[in-house]
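Worksheet: the structure to be examined is printed underneath.
Chains as they are written, first to last, in the working numbering: chain G, 41 to 306; chain W, 51 to 432.
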């Protein structure tokens with residue numbers, strides 16, 4: 041049994057975001073973080089390790105600096121890391137990305153009892169597509185929006201959140217689970233973990249390492265293999281021309297109520 | 051891998067909407083999507099079809115017909131009564147492979163966002179998540195860009211040519227669905243196309259598309275067609291043990307005419323801040339919302355969240371109390387018809403999009419505002 045955790049390094053969109061004149065994101069000027077939902081996925085895997093002693097492998101696709109994020113995750117308690125990185129993989133949309141990650145997971149080997157954990161979605165694209173698409177490419181069942189996971193013999197029982205409640209879903213393994221923040225509280229790195237992080241295995245999978253996988257085909261990976269294309273990207277205009285009321289006293293409130301009444305809003 | 055041939059674009063016709071039902075009831079977003087789908091189908095000069103999966107759900111088709119569908123295809127099977135990824139993916143992909151729709155839209159609900167990516171991966175086609183705007187017509191798209199983007203005029207003018215380079219080749223986008231969605235927490239908008247494969251798939255955020263007026267005459271003309279379902283128990287690798295509706299009343303933010311939201315500004319006295327906002331909402335017949343900070347701090351439950359990671363609302367009146375207006379919050383409310391902001395910090399970004407702003411302490415301003423609104427309402431009645 042092992043847990044494989046798919047993670048992504050993303051620009052921190054909560055702070056100031058820099059946009060290039062052509063409407064694309066100036067990634068170089070922004071700090072990067074580990075995608076928040078992915079930290080819940082990692083924590084779920086580490087808890088499974090605490091309970092069963094299973095191995096935890098973290099895997100990411102991205103440029104070489106993503107190695108730093110993987111080292112932090114090794115320091116948190118993951119056992120091995122895989123960095124999938126190649127020029128050929130660049131420009132991939134969710135379809136092509138899932139194709140490549142599924143190939144890498146297939147190469148690691150997926151057996152009965154194994155669980156692939158993903159975050160629900162990454163904060164840069166917010167698509168929530170890569171998890172389910174990896175599951176499809178690996179032909180394994182998926183459960184998304186998971187807020188609770190329990191191992192019952194060889195089956196996994198999940199609480200899958202809906203807008204108006206939840207479902208309790210039982211799945212066979214191997215399976216893929218996408219995790220939401222309600223699932224757990226991610227742990228910190230431990231001192232011992234930090235010491236051992238640099239002696240744990242870090243595997244780089246480039247194009248050559250994966251080219252014999254059946255899922256890897258130049259027609260289905262990278263910019264060229266992506267079914268979707270960006271037609272244009274732009275920043276939305278600021279709405280303007282609002283009115284600041286003088287003061288914060290009763291007369292300001294009276295003026296505001298009058299304005300809203302005048303427009304038949306109240 | 052399926053041998054589904056989906057690169058001959060001319061074989062694919064019609065705009066299709068996946069109509070989600072839960073416990074035999076339609077989701078409101080189905081009707082929004084059909085209303086929007088009608089517009090797209092008219093722009094293409096093609097049919098609008100709904101696809102409904104469930105158990106004994108054929109009777110629901112009548113209501114769907116009122117929102118502009120030409121045909122409703124229904125798949126009934128006891129194994130489709132409750133949503134499972136495996137059963138729905140199998141049945142939906144079988145129908146798509148046979149009927150070959152050109153466009154297939156889903157609501158971006160927790161179920162739509164589970165089903166659509168799985169189907170897109172199986173069908174080998176593109177999927178765009180959480181769209182907030184859809185166009186076929188190029189002039190309409192150019193008009194949308196002129197009103198809603200900061201793109202330079204020459205770049206917008208360039209779009210009028212309707213030709214872009216795809217894989218080094220000139221590609222005519224005049225019949226492609228142009229799917230616009232927020233990215234990077236709402237800092238950027240991107241318009242996406244799926245030029246080489248069909249169906250072109252999209253999920254659309256609930257609450258974004260306007261629902262048309264129901265038209266009973268249309269329902270009478272709508273054809274309802276039941277399709278055979280091929281499912282075996284071996285297709286199903288997950289088992290739903292139970293479906294639980296949360297007993298607490300969930301806030302209907304999306305349908306509300308007035309939303310009063312609170313932000314970090316209530317931290318001084320959370321209980322009182324929420325009580326004041328609730329009272330103001332009650333006076334206005336509205337509902338209570340919150341920013342991400344408020345939900346993350348556990349002050350309000352997640353169903354109250356407005357913003358990129360919460361709900362998108364466009365009420366007639368949105369009142370932001372103690373909300374600074376991070377872009378991720380603005381992404382969920384900036385299309386409100388009227389925005390009022392109360393914030394202590396005169397530099398708060400929320401004031402940039404507010405129609406009316408009061409710079410002050412919400413704990414002092416809101417009680418007075420409640421009284422003045424009551425007075426204004428009373429004088430209107432008098």
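Yeah, the Cβ is synthetic: ideal placement off N, Cα and C, and Gly gets one too. What you are looking at is a predicted structure, and each value in this text was computed from that prediction instead of being measured.
In the structure shown, what three-state DSSP assignment does residue i receive?
i	result
residue 386/W	coil
residue 89/W	helix
residue 51/W	Interpretation of residue 51/W is limited by its pLDDT of 45, a score under 50 that renders its predicted location unreliable; no figure is taken from the coordinates.
residue 151/W	coil
residue 183/W	strand
residue 134/W	coil
residue 391/W	strand
residue 401/W	helix
residue 117/W	coil
residue 285/G	coil
residue 229/G	coil
residue 68/G	helix
residue 311/W	strand
residue 127/G	helix
residue 414/W	helix
residue 94/G	coil
residue 235/G	helix
residue 101/G	strand
residue 139/G	helix
residue 119/G	coil
residue 430/W	helix
residue 306/W	coil
residue 370/W	strand
residue 139/W	helix
residue 317/W	helix
residue 322/W	helix
residue 96/W	coil
residue 210/G	strand
Just how far apart, CA to CA, sit residue i and residue j?
i	j	result
residue 48/G	residue 158/G	10 angstroms
residue 354/W	residue 293/W	22 angstroms
residue 106/G	residue 228/W	33 angstroms
residue 142/W	residue 179/W	18 angstroms
residue 271/W	residue 117/W	11 angstroms
residue 222/W	residue 123/W	31 angstroms
residue 218/G	residue 346/W	19 angstroms
residue 191/W	residue 150/W	26 angstroms
residue 413/W	residue 144/W	58 angstroms
residue 228/G	residue 237/G	13 angstroms
residue 234/W	residue 428/W	45 angstroms
residue 434/W	residue 62/W	There is no way to answer for residue 434/W, as the model of chain W reaches only from 51 to 432.
residue 51/W	residue 171/G	The predicted model places residue 51/W with a pLDDT of 45, which falls under 50 and marks its position as unreliable; any figure quoted below should be read in that light. Between residue 51/W and residue 171/G, the C-alpha separation is close to 18 angstroms.
residue 289/G	residue 425/W	16 angstroms
residue 112/W	residue 154/W	20 angstroms
residue 216/W	residue 86/G	43 angstroms
residue 68/G	residue 423/W	49 angstroms
residue 188/W	residue 96/G	50 angstroms
May I ask you to list the residues that DSSP assigns as paired with residue i?
i	result
residue 49/G	74/G
residue 205/G	202/G and 295/W
residue 71/W	76/W
residue 62/W	In DSSP, residue 62/W forms no bridge with anything.
residue 218/G	158/G
residue 59/G	65/G
residue 189/G	198/G
residue 409/W	393/W
residue 361/W	356/W
residue 88/G	Answer by DSSP bridge pairing: none, since residue 88/G is not bridged.
residue 101/W	68/W and 123/W
residue 337/W	309/W
Legend entry - Cβ contact check for the region 247–261 of chain W and the region 76–85 of chain W: 3 or more pairs under 8 angstroms: Taking a contact to require three or more Cβ pairs closer than 8 angstroms, the region 247–261 of chain W and the region 76–85 of chain W qualify as touching.
Inset, instruction - Please list the segments of the beta strand (DSSP E) lying wholly inside the region 242–279 of chain G, counting only runs of 3 or more residues, in order along the chain. - result: For secondary structure counted as the beta strand (DSSP E) over 3 or more consecutive residues, the region 242–279 of chain G holds these complete runs in sequence order: 242–245 and 269–274.
Inset, instruction - Only counting runs of 4 or more residues, tell me where the alpha helix (DSSP H) segments fall wholly within the region 211–295 of chain W, in order along the chain. - result: Here the runs fully enclosed are 266–271.
Legend entry - Residue ranges of each alpha helix (DSSP H) within the region 157–207 of chain W, 4 or longer: Counting only runs of 4 or more, we get 162–173 and 188–198.
Legend entry - At least three beta-carbon pairs within less than 8 angstroms, the region 95–106 of chain W to the region 176–190 of chain W: The region 95–106 of chain W, when compared against the region 176–190 of chain W, does not touch it at the 8 angstroms Cβ threshold.
Inset, instruction - Evaluate the contact criterion for the region 120–137 of chain G versus the region 241–254 of chain G: three or more CB pairs, one atom per stretch, below 8 angstroms. - result: Taking 8 angstroms as the limit for Cβ pairs, the verdict is that the region 241–254 of chain G does touch the region 120–137 of chain G.
Inset, instruction - Indicate whether the contact test is met: 3 or more Cβ pairs, each with one atom in the region 62–79 of chain G and one in the region 160–175 of chain G, closer than 8 angstroms. - result: Here the region 62–79 of chain G makes contact with the region 160–175 of chain G; the two share three or more CB pairs at distances below 8 angstroms.
Legend entry - Meets three-Cβ-pair contact criterion under 8 angstroms: the region 51–64 of chain W and the region 240–255 of chain W: Enough Cβ pairs lie closer than 8 angstroms, so yes.
Legend entry - Sufficient close CB pairs (3 or more, under 8 angstroms) joining the region 295–303 of chain G to the region 128–135 of chain W: The answer is no - the region 128–135 of chain W does not touch the region 295–303 of chain G, with fewer than three Cβ pairs under 8 angstroms.
Legend entry - Stretch-stretch touch, CB-based, cutoff 8 angstroms, three pairs: the region 328–339 of chain W with the region 278–287 of chain W: Contact between the region 328–339 of chain W and the region 278–287 of chain W is absent, with fewer than three C-beta pairs closer than 8 angstroms.
Inset, instruction - Say whether the region 181–193 of chain G touches the region 100–114 of chain G, bearing in mind that this needs 3 or more beta-carbon pairs closer than 8 angstroms, one atom from each stretch. - result: No, the region 181–193 of chain G is not in contact with the region 100–114 of chain G.
Inset, instruction - Take every Cβ of the region 348–368 of chain W, pair it with every Cβ of the region 298–313 of chain W, and state whether three or more of those distances are shorter than 8 angstroms. - result: Yes, the region 348–368 of chain W is in contact with the region 298–313 of chain W.
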